[in-house]
Structures are given as structure tokens and as C-alpha cells.
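Enquirer: Chains as they are written, first to last, in the numbering used here: chain A, 1 to 109; chain B, 110 to 224.
Just so you know, even glycine gets a beta-carbon here, dropped at the ideal spot from N, CA and C.
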Amino acid sequence: RKEVEQDPGPFNVPEGATVAFNCTYSNSASQSFFWYRQDCRKEPKLLMSVYSSGNEDGRFTAQLNRASQYISLLIRDSKLSDSATYLCVVSYSNYQLIWGAGTKLIIKP
Amino acid sequence: NAGVMQNPRHLVRRRGQEARLRCSPMKGHSHVYWYRQLPEEGLKFMVYLQKENIIDESGMPKERFSAEFPKEGPSILRIQQVVRGDSAAYFCASSSRDETNYGYTFGSGTRLTVV
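1) Using CA atoms only, rank isn't needed, just tell me which of A:E43, A:I98, A:S32, A:Q96 is closest to S49 (chain A).
2) What are the residues in the region 33-56 of chain A lying within 8 Å of chain B by C-beta distance?
3) Decide if the region 115-130 of chain B is in contact with the region 159-169 of chain B; the criterion is three or more beta carbon pairs, one per stretch, under 8 Å apart.
4) Sort B:G194, B:R129, B:E150, B:Y213 by Cα distance to S203 (chain B) and report the nearest one.
5) Could you list which residues in chain B have their beta carbon closer than 8 Å to that of A84 (chain A), in chain order?
6) The beta strand (DSSP E) with R1 (chain A) in it runs from where to where?
7) Using a cut-off of 9 Å between C-beta atoms, extract the partners of Q96 (chain A) located in chain B.
8) Quick one: what does DSSP say D195 (chain B) is sitting in, helix, strand or coil?
9) Using CA coordinates, which residue listed in B:L147, B:A197, B:E181, B:Q146 is at the minimum distance from A128 (chain B)?
10) Determine the chain B residues that contact A101 (chain A) at a beta-carbon separation under 8 Å, and present them in chain order.
11) In terms of residue numbering, what span does the beta strand (DSSP E) encompassing H140 (chain B) cover?
12) Helix, strand or coil for E82 (chain A)? Go by DSSP, reduced to three states.
13) Which chain A residues are close to F174 (chain B), counting only those with a beta carbon under 9 Å from its beta carbon?
14) Determine the chain B residues that contact L87 (chain A) at a beta-carbon separation under 9 Å, and present them in chain order.
15) Is there contact between the region 75-93 of chain A and the region 130-137 of chain B, where contact requires at least three CB pairs shorter than 8 Å?
16) For the beta strand (DSSP E) holding Q63 (chain A), just list the boundary residues, first then last.
17) Whole angstroms are fine: how far does the CA of I106 (chain A) sit from the CA of P10 (chain A)?
18) Report the residue from B:R173, B:G194, B:S205, B:Y142 whose alpha carbon sits nearest the alpha carbon of I163 (chain B).
19) Would you say E3 (chain A) and P109 (chain A) are within 8 Å of each other, going by their C-beta atoms?
20) Under 8 Å Cβ-Cβ, which residues of chain A neighbour S217 (chain B)?
21) Can you check whether the C-beta of F200 (chain B) is within less than 8 Å of a C-beta belonging to chain A?
22) Tell me which residues share the same chain as E43 (chain A) and place their Cβ nearer than 7 Å to its Cβ, disregarding the 5 neighbours each side in the sequence.
23) Does any residue of chain A have a CB that is nearer than 8 Å to the CB of G137 (chain B)?
24) Between N94 (chain A) and the ligand SAH, is there a pair consisting of the residue's CB and a ligand heavy atom that are separated by less than 7 Å?
Dropping the structure here:
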């Protein structure tokens, strides 16, 4: 079993729709949680950290469920520019990040 | 650009040659992390270095791979006698301390192709 699992997609979503991704992690000692975004052949960029209380940044909302060991990302009013691969990342050490393989999102006009 | 700088952006090597990948951390950062991304996969941790010290190399293949971060100059990831399976994107990140609570900023990566 992979340490961090994501549905690879692709998710094909019309512009303006709401889309949600889930991610599960296996190590209950995980301490830090993130969503990164990666465009084709580019470096991953931090989208947002995920906190236990849940957090929102504009159209993006992240939730953490420690009991079930999953993380979610919700994108509202999706834009064409949201098309990318979204990577779920966890950490249970001070410095080492454990990455999911990513969920590909395609927003269609 | 004061971000993490990696070069070259693209590197093509024949099987058996050596590949040297460079990473210059952000100004003031003394911690460097190297990750590898194979096609259609997430990033995998390779090595964590501080100036003149290897802190954790648990993700490095036992043979052919080495890394250094000298007192002066960039961090170098060196792959000797490359094989086709080494073809991947290699990313580095830097920080001023060894904590992930705030996430990392990565360089633009080096895409290694072994032919």
C-alpha cells in the first residue's frame, strides 16, 4: 500500500463547476499536510497547507480528517487556469515530504 | 530571481556517462533537499544536506548516486554511469531551517534523459 494515495483522474470538469479531491495517508504519525499544484513539466508549487480545523483560501478549501486519515481539497467556481495536477503531501518528520502521485484536473470551457 | 536555482534545465546523457545536477539555494538558506520524480509518479525524497554535511541520504540509491553541499557554491547531485531508469525530473528545495510546517519552494528542476 502506498503511503499517500490519490485518485489519478483525470477529472474532466466544466468551467464554473465545483470539484473535490480526496487523499488518504497511511501513517497516523503524520504531522503536516499540504496540497501542491504541478503544471505540466513544471515544478510543484505550494497551494496551501492543511490544518486540523480546515482552512480556506479564496476558492480553495482544504479539510483534514485525522481519525479517517484523509485530506480533501475543494475548488469552487473552477477556472480554466485551475487545470493542473494536484499533489497531496504529508510529513511525519521535520523535513521529509511524502507525496501522492497526483490527481489530474482538466477544466473545460 | 531570488528563488531556488537549478541547472541545467534539461540534460541528455548516454548510458554510462556521468550527470551533474546543480542547485543554488535561496539566499540565506543553508538546508537543501533533493527529490526525484519519475513519469506519472509523485516526488520521492532522496537526500537532505546542510552546508558540508549530509544529514539524511536514506532515499539515495546505494550505488552511483552521491550528493554534496560545499561551504561555497551550489549543491551537486552526481549520478555516475547513468542508466535509462535514471531518466526523471530532479527537483531541489531549500530552507533556512529543518522544518516542513510551512512547505517548501522548489527550483524549476532538471530533466535528465538517458539515451
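Expert: Working from what's here:
1) The residue you call residue 49 (chain A) lines up with position 49 of the first sequence. Among A:E43, A:I98, A:S32, A:Q96, the Cα nearest to that of S49 (chain A) is on A:S32.
2) Here the close residues are F34, Y36, R41, K42, E43, P44, K45, L46, S49.
3) Taking a cut-off of 8 Å on C-beta distances, the region 115-130 of chain B does not touch the region 159-169 of chain B, as fewer than three cross pairs fall below it.
4) By one-based count along the second sequence, residue 203 (chain B) stands at place 94. Taking the Cα of S203 (chain B) as reference, the smallest distance to any Cα among B:G194, B:R129, B:E150, B:Y213 is reached at B:Y213.
5) Locating residue 84 (chain A) in the first sequence gives position 84, counting from the first residue. Those within 8 Å of A84 (chain A) in chain B number zero; the least Cβ separation is about 14 Å.
6) Locating residue 1 (chain A) in the first sequence gives position 1, counting from the first residue. Segment: none, R1 (chain A) is in no beta strand (DSSP E) and carries neither H nor E.
7) As a position in the first sequence, residue 96 (chain A) is number 96, starting the count at 1. Those within 9 Å of Q96 (chain A) in chain B are Y142, F154, Y157, D165, S167, G168, T209.
8) Here residue 195 (chain B) refers to the residue found at position 86 when the second sequence is read from its first residue. D195 (chain B) falls in the helix class under three-state DSSP.
9) In the second sequence, residue 128 (chain B) corresponds to position 19, counting from 1. Scanning B:L147, B:A197, B:E181, B:Q146 for the CA closest to the CA of A128 (chain B) turns up B:A197.
10) Working through the first sequence from its first residue, we reach residue 101 (chain A) at position 101. Listed along chain B, the residues sitting closer than 8 Å to A101 (chain A) by beta-carbon distance are E149, E150, G151.
11) As a working note, residue 140 (chain B) is residue 31 in the second sequence. Note, H140 (chain B): beta strand (DSSP E), 140-146.
12) Position 82 of the first sequence, counting from 1, holds the residue named residue 82 (chain A). It should be noted that the sequence gives Asp, not Glu, for residue 82 (chain A). D82 (chain A) carries a helical assignment under DSSP once its states are collapsed to helix, strand and coil.
13) Indexing the second sequence from 1 puts residue 174 (chain B) at position 65. Per Cβ cutoff of 9 Å: no residues; F174 (chain B) is ~17 Å from chain A at best.
14) Position 87 of the first sequence holds residue 87 (chain A). Neighbourhood of L87 (chain A) in chain B, by CB distance below 9 Å: G151, L152, in chain order.
15) The region 75-93 of chain A vs the region 130-137 of chain B: no contact.
16) Position 63 of the first sequence holds residue 63 (chain A). Here the beta strand (DSSP E) through Q63 (chain A) covers 60-65.
17) As a working mapping, residue 10 (chain A) is identified with position 10 in the first sequence. As a working mapping, residue 106 (chain A) is identified with position 106 in the first sequence. Going from the Cα of P10 (chain A) to the Cα of I106 (chain A) covers about 7 Å.
18) Translated into the one-based positions of the second sequence, residue 163 (chain B) becomes position 54. I163 (chain B) has its Cα closest to that of B:Y142, out of B:R173, B:G194, B:S205, B:Y142.
19) In the first sequence, residue 3 (chain A) corresponds to position 3, counting from 1. In the first sequence, residue 109 (chain A) corresponds to position 109, counting from 1. No; because the gap between Cβ atoms is not below 8 Å, this pair is not in contact.
20) In the second sequence, residue 217 (chain B) corresponds to position 108, counting from 1. Simply K42, E43.
21) As a position in the second sequence, residue 200 (chain B) is number 91, starting the count at 1. Yes - at least one Cβ of chain A is within 8 Å of the one on F200 (chain B).
22) Taking the first sequence and counting its residues from 1, one reaches residue 43 (chain A) at position 43. In the same chain as E43 (chain A), and ignoring 5 residues on each side of it, no C-beta atom comes closer than 7 Å to its own.
23) Locating residue 137 (chain B) in the second sequence gives position 28, counting from the first residue. False, the Cβ-Cβ gap to chain A never drops below 8 Å.
24) Among the components of this structure there are no ligands whatsoever, and the ligand SAH is therefore not found.
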